[in-house]
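Counting along the sequence shown from 1, when you hit position 364 you're at 364 in UniProt numbering, and nothing is skipped either side.
Yeah, the Cβ is synthetic: ideal placement off N, Cα and C, and Gly gets one too.
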Amino acid sequence: MSSQMEEFNRAKPRIDFLIAHSTLNVISGPERNRFLILIFALLNFIFISSLFLHLVNTNFELNFNILVTLVTFIGVNDYVFRIFVGLLKRNKFEKLMQNIEALYEEQENDEELEQILRKHLVDSMKIFYFVDILGSGAYILAGLFSGLYFRLNEDFVLMYELPFIASEYFKDDFLWKELLHVIQGVLYINMGYTLIILDVGIIFLCLQVIAELNILNNYMMLLNEKIKTESKFLRKIIRRHCSLTENLNLLNDIISETSILKLILTCATLLFGMTFMIIYAKSFANYLIIICGGGLGLSLCVLGEFIRVKTEKLSDALYLTNWYELSLKDQKTFLIVLGMTQRHYGLKSAGMYDVNLYTFLQIFKIAFSYSAVLYSLSK
């Protein structure tokens with residue numbers, strides 16, 4: 001077994017859990033995974049109903065409590081929408097995972113090509129480990145700090161109301177008050193963790209597409225050398241390019257609807273966060289909202305930028321080859337490959353809008369501009 005396959009098998013339980021969570025798969029898989037996914041979903045559905053009750057029963061006024069409740073309500077709705085879409089697109093997730101596993105199972109007879117495969121696939125897994133640990137830990141801590149901050153700051157009241165429970169009868173009970181704050185903290189931690197692992201699952205898929213792009217680019221750079229010893233090397237490049245195109249199309253199909261919602265919600269979160277940062281510059285929670293809300297949209301835009309840059313380099317790598325030294329038959333094949341690499345590839349939101357760093361900067365600019373408008377209106 002190759003070293004890249006060993007690395008994949010080591011991470012497979014975690015990857016299976018992330019994909020099962022993204023598709024709300026509680027039918028198959030390990031019992032532990034199914035139980036955790038059900039608990040996460042149940043807590044988030046309780047949270048969304050409690051937030052809705054709080055918004056309905058509270059007189060609307062532009063203050064920090066309403067802001068946090070709205071932002072939280074938006075975040076939990078994002079979770080509901082994404083797992084619903086993931087449930088409908090479970091077949092696409094499974095197909096893409098099959099293609100990724102097949103990529104790790106590949107072995108090359110040529111030592112140099114095998115080394116390229118091993119390097120990029122193992123590197124992608126290392127980045128995945130880092131992102132998973134950093135992202136999960138950061139959002140769990142953010143949920144914990146939010147719960148503690150709202151409890152220790154007497155100016156903030158509870159952001160939710162429990163359904164079917166008349167809380168006013170227990171308003172003077174100290175233990176009941178503390179229990180409500182503990183429940184709020186648990187619900188925030190659960191929301192933060194479930195949202196980030198949805199993103200980590202997508203990040204894993206994006207990292208594998210980027211790894212495949214790097215492999216293809218390195219293969220093209222070796223074309224001048226390998227075509228002399230391996231007559232069918234161009235066909236190998238075509239096959240790998242077709243595989244890359246299929247996987248990128250599957251990835252775009254998976255994130256098509258959820259990415260446009262994520263970008264809209266990122267804009268809304270940044271807008272609210274910046275508005276209250278201007279008003280309450282010393283409030284820790286405002287900065288937390290901006291970092292967490294912006295971080296959810298930024299990760300996808302950064303990966304989209306990497307994919308865009310890598311795909312543009314493919315045609316450059318081909319131009320640097322000595323195509324004029326190829327046989328007539330190979331020159332015809334070369335033209336096919338060149339035509340394929342000149343097509344524009346990248347992550348698309350709703351199948352229309354590019355997802356890259358420029359998009360995120362535009363969102364940040366819009367949020368900042370309208371936050372100044374909201375601040376002016378609130379005075």
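{"Item": "Are the CB atoms of Tyr160 and Leu265 nearer to each other than 7 Å?", "Value": "no"}
{"Item": "Helix, strand or coil: which one does DSSP assign to Ser136?", "Value": "helix"}
{"Item": "Taking one C-beta from the stretch 41–57 and one from the stretch 217–226 each time, how about it: are there three or more such pairs within less than 8 Å?", "Value": "no"}
{"Item": "Which term fits Cys242, buried or exposed, when burial requires 16 or more other beta carbons within 10 angstroms of its beta carbon?", "Value": "exposed"}
{"Item": "State the beta-bridge partners of Ser349 as determined by DSSP.", "Value": "Tyr353"}
{"Item": "Exposed or buried, which one is Tyr104 when buried takes at least 16 other CB atoms within 10 Å?", "Value": "buried"}
{"Item": "Counting only the same chain and skipping the five closest in sequence on each side, list residues whose C-beta sits under 8 Å from that of Phe364.", "Value": "Leu270, Gly294"}
{"Item": "Assuming Gly29 is part of the alpha helix (DSSP H), what are its boundary residues?", "Value": "Premise fails: Gly29 is in no alpha helix (DSSP H) and is neither H nor E."}
{"Item": "Going by C-alpha distance, which of Cys301, Lys236, Asn249 is nearest Ser259?", "Value": "Cys301"}
{"Item": "Relative to the C-alpha of Thr229, which candidate in Leu141, Leu326, Ile15 has its C-alpha closest?", "Value": "Leu326"}
{"Item": "With a threshold of 16 other CB atoms inside 10 Å of the CB of Asp132, please say whether the residue is buried or exposed.", "Value": "buried"}
{"Item": "Skipping 5 residues on each side, what residues in its chain have a beta carbon closer than 8 Å to that of Ile238?", "Value": "Thr333, Ile336, Val337, Met340"}
{"Item": "With respect to the alpha helix (DSSP H) encompassing Glu7, which residues constitute its N-terminal and C-terminal limits?", "Value": "3–22"}
{"Item": "For Glu112 and Val209, what's the separation of their Cα atoms in angstroms?", "Value": "21 Å"}
{"Item": "According to the neighbour-count rule (16 or more other Cβ atoms, all chains shown, within 10 Å of its Cβ), is Leu251 buried or exposed?", "Value": "buried"}
{"Item": "Can you tell me which of the three DSSP states Asn65 falls into?", "Value": "helix"}
{"Item": "Evaluate Phe233 with the Cβ neighbour count: other Cβ atoms within 10 Å of its Cβ, from every protein chain shown; 16 or more gives buried, anything less gives exposed.", "Value": "buried"}
{"Item": "Using three-state DSSP, classify Asn224 as helix, strand or coil.", "Value": "helix"}
{"Item": "Whose C-beta lies closer than 8 Å to the C-beta of Arg235 among residues of the same chain, with five residues either side of it excluded?", "Value": "Thr333"}
{"Item": "Could you tell me if Phe360 is buried or exposed, where buried requires 16 or more neighbouring beta carbons within 10 angstroms of its beta carbon?", "Value": "buried"}
{"Item": "Quick one: measure Cβ to Cβ for Phe150 and Gln184, integer angstroms, because I've assumed they're closer than 8 Å.", "Value": "7 Å"}
{"Item": "In whole angstroms, what separates the C-alpha of Tyr193 from that of Thr321?", "Value": "47 Å"}
{"Item": "Answer with yes or no whether the minimum CB distance from Gly273 to chain B is below 7 Å.", "Value": "Any reference to chain B falls outside this structure, which holds one protein chain only."}
{"Item": "Roughly how many angstroms separate the alpha carbons of Tyr358 and Lys177, rounded to a whole number?", "Value": "46 Å"}
{"Item": "Taking the alpha-carbon of Met352 as reference, which of Ser299, Glu257, Gly273, Leu328 has the nearest alpha-carbon?", "Value": "Glu257"}
{"Item": "Would you tell me roughly how many angstroms separate the C-alpha atoms of Leu296 and Asp330, rounded to the nearest one?", "Value": "46 Å"}
{"Item": "I'd like the span of the alpha helix (DSSP H) that includes Glu106, first residue to last.", "Value": "Unbroken run through Glu106: none, as it is neither H nor E."}
{"Item": "For Glu246, name the three-state secondary structure that DSSP assigns.", "Value": "helix"}
{"Item": "Taking C-alpha atoms, which residue in Glu246, His54, Leu88 lies nearest to Phe73?", "Value": "His54"}
{"Item": "Helix, strand or coil: which one does DSSP assign to Glu161?", "Value": "coil"}
{"Item": "Spatial neighbours of Asp354 within its chain, please: CB distance less than 8 Å, with the 5 preceding and 5 following residues excluded, ordered by chain position.", "Value": "Gly304, Arg308, Gly346, Leu347, Lys348"}
{"Item": "If you follow the alpha helix (DSSP H) that Lys232 is part of, which residue opens it and which one closes it?", "Value": "Note, Lys232: premise wrong, no alpha helix (DSSP H); not H, not E."}
{"Item": "Output the distance between the C-alpha atoms of Val200 and Leu318, rounded to the nearest integer angstrom.", "Value": "33 Å"}
{"Item": "Quick check on this structure: which residue in Glu6, Ser3, Lys12 has the alpha carbon closest to the alpha carbon of Leu205?", "Value": "Lys12"}
{"Item": "Would you mind working out which of Ser3, Ile19, Val186, Lys262 sits nearest Glu94, comparing C-alpha positions?", "Value": "Ile19"}
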